[in-house]
Amino acid sequence: MTRIRILAALAMAPTAIAAVLLLPTPWLMLLVAILFLGALWEWFALAEIEDSLARSALLVLNLMLMVALVWGTGGTAATLVLFKLAVVLGVVWWLLAMLWLVHYDFASDHDTNARVFKLAAGTFAVVPAWCALALLHNDGPGWLLLALMIVWATDTGAYFAGRAFGKRKLAPRISPNKTVAGVVGGAVLGVLVAIVGAWILGATAPQLPLVALVALLAVLFSVVGDLFESLLKRHVGVKDSGNLIPGHGGIMDRADSVLAALPVFALGKIWLGF
């Protein structure tokens with residue numbers, strides 16, 4: 001299984017990097033919208049929406065929201081106020097998700113109310129992340145690539161640090177394999193990648209501590225994103241959100257950390273001006 005995971009990652013990473021660096025922002029937004037809507041389809045399954053017609057209708061509603069956001073900008077990249085507002089709402093949502101993680105049993109039943117909360121959570125997770133991606137790419141493909149590399153470095157650092165030093169479990173009821181040492185190792189590598197990458201992209205020496213701070217927050221939020229998807233899977237008793245990617249599960253299994261990290265990194269970059 002580890003070999004399959006590595007081969008799949010080696011195939012996905014160059015494709016993602018090429019798309020970020022070579023595609024114009026509108027085309028990248030379209031491509032990622034398709035991927036994120038695929039992740040939402042899996043999210044709906046975790047929310048126990050089993051009827052394909054209902055899931056399709058919900059997917060169309062989220063697509064219409066994305067189209068409305070683009071239409072609201074007037075077709076100009078200079079006025080992205082709605083996208084920025086969506087990013088702020090996304091960060092607020094992930095702060096609320098932390099409370100949800102603490103109250104494990106919230107919306108864990110299988111009735112209509114639980115589904116409503118989980119469906120709303122899907123929109124607040126996916127649409128702001130898509131807006132954050134657009135804002136970062138519009139500022140320069142390198143900044144979006146750096147945000148993604150921070151998440152990838154965090155996953156890598158967490159894996160090796162967890163295997164070497166992981167004894168204390170972070171959230172055993174939600175994700176038994178995640179350890180405190182893994183989070184620390186992931187944070188260290190993620191912040192280092194952020195500092196080096198920002199320096200390459202032209203950040204000044206006084207800006208690098210700000211980049212490190214934003215990267216650290218993005219790393220911590222990426223852990224929340226990972227844990228939250230694990231929570232949804234625990235509620236319905238499944239191991240993966242899907243089986244589309246060999247060795248990795250579904251799209252959501254690969255996107256959960258990114259969905260939480262992108263709005264934080266984009267908001268920090270806008271706010272602190274690096």
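Going by UniProt numbering, the sequence shown opens with residue 1, and the numbers climb by one from there.
For each residue, glycine too, the CB sits at the ideal point set by N, CA and C.
Is it buried or exposed for residue i, if we count other Cβ within 10 angstroms and need 16 for buried?
i: His-137; result: buried
i: Ile-34; result: exposed
i: Arg-254; result: buried
i: Lys-239; result: exposed
i: Val-224; result: buried
i: Ile-113; result: The sequence shown places Asn at residue 113, not Ile. So Asn-113 counts as exposed.
i: His-235; result: buried
i: Met-252; result: buried
i: Leu-262; result: buried
i: Val-116; result: exposed
i: Gly-237; result: exposed
i: Lys-118; result: buried
State the start and end residues of the unbroken beta strand (DSSP E) segment that holds residue i.
i: Pro-176; result: 175-179
i: residue 279; result: An answer regarding residue 279 cannot be provided, because it is not within the stretch 1 to 274 covered by the chain.
Which residues mark the beginning and the end of the alpha helix (DSSP H) in which residue i is found?
i: Gly-90; result: 81-102
i: Val-116; result: 112-139
i: Phe-36; result: 25-46
i: Val-264; result: 251-272
i: Leu-59; result: 52-72
i: Pro-209; result: 208-236
Sorted by chain position, which residues of the same chain lie with C-beta nearer than 7 angstroms to residue i's C-beta, five sequence neighbours on each side aside?
i: Gly-190; result: Ile-150, Ala-153, Thr-154, Gly-157, Ala-215, Val-219
i: Ala-212; result: Val-191, Ala-194, Ile-195
i: Ala-19; result: Leu-28, Leu-31
For residue i and residue j, what's the separation of their Cα atoms in angstroms?
i: Val-92; j: Val-264; result: 10 angstroms
i: Trp-94; j: Leu-30; result: 24 angstroms
i: Ser-108; j: Ala-187; result: 30 angstroms
i: Thr-15; j: Ser-241; result: 22 angstroms
i: Ala-205; j: Phe-274; result: 11 angstroms
i: Leu-231; j: Leu-58; result: 22 angstroms
i: Ala-132; j: Leu-267; result: 8 angstroms
i: Leu-146; j: Ala-97; result: 25 angstroms
i: Leu-217; j: Ile-270; result: 14 angstroms
i: Leu-61; j: Asp-105; result: 28 angstroms
Leaving out five residues on either side along the sequence, give the residues of the same chain with a beta carbon under 8 angstroms from the beta carbon of residue i.
i: residue 356; result: In the structure as shown, the chain starts at 1 and stops at 274, and residue 356 therefore has no counterpart that could be examined.
i: Lys-169; result: Pro-176, Lys-178, Thr-179, Val-180
i: Met-66; result: Ala-33, Val-127, Trp-130
i: Leu-203; result: In the sequence as displayed, the identity of residue 203 is Ala instead of Leu. Excluding residues within five positions, the ones whose Cβ falls inside 8 angstroms are Val-211, Phe-274.
i: Ser-257; result: Val-151, Thr-154, Asp-155, Ser-222, Val-223, Gly-225, Asp-226
i: Arg-55; result: Trp-41, Phe-44, Ala-45, Ile-49
Among residues of its own chain, excluding the 5 on either side of residue i, which ones have a beta-carbon nearer than 6 angstroms to its beta-carbon?
i: Leu-272; result: Leu-210
i: residue 293; result: Shown here, the chain extends from 1 to 274; a query on residue 293 therefore has no answer.
Item checked: Three or more C-beta pairs below 8 angstroms linking the region 101-114 and the region 124-142 -> Judged by Cβ distances under 8 angstroms, the region 101-114 makes no contact with the region 124-142, as fewer than three pairs qualify.
Notebook entry, point to check: Taking one C-beta from the region 41-59 and one from the region 174-184 each time, how about it: are there three or more such pairs within less than 8 angstroms?
Noted result: The region 41-59 makes no contact with the region 174-184; the number of CB pairs closer than 8 angstroms stays below 3.
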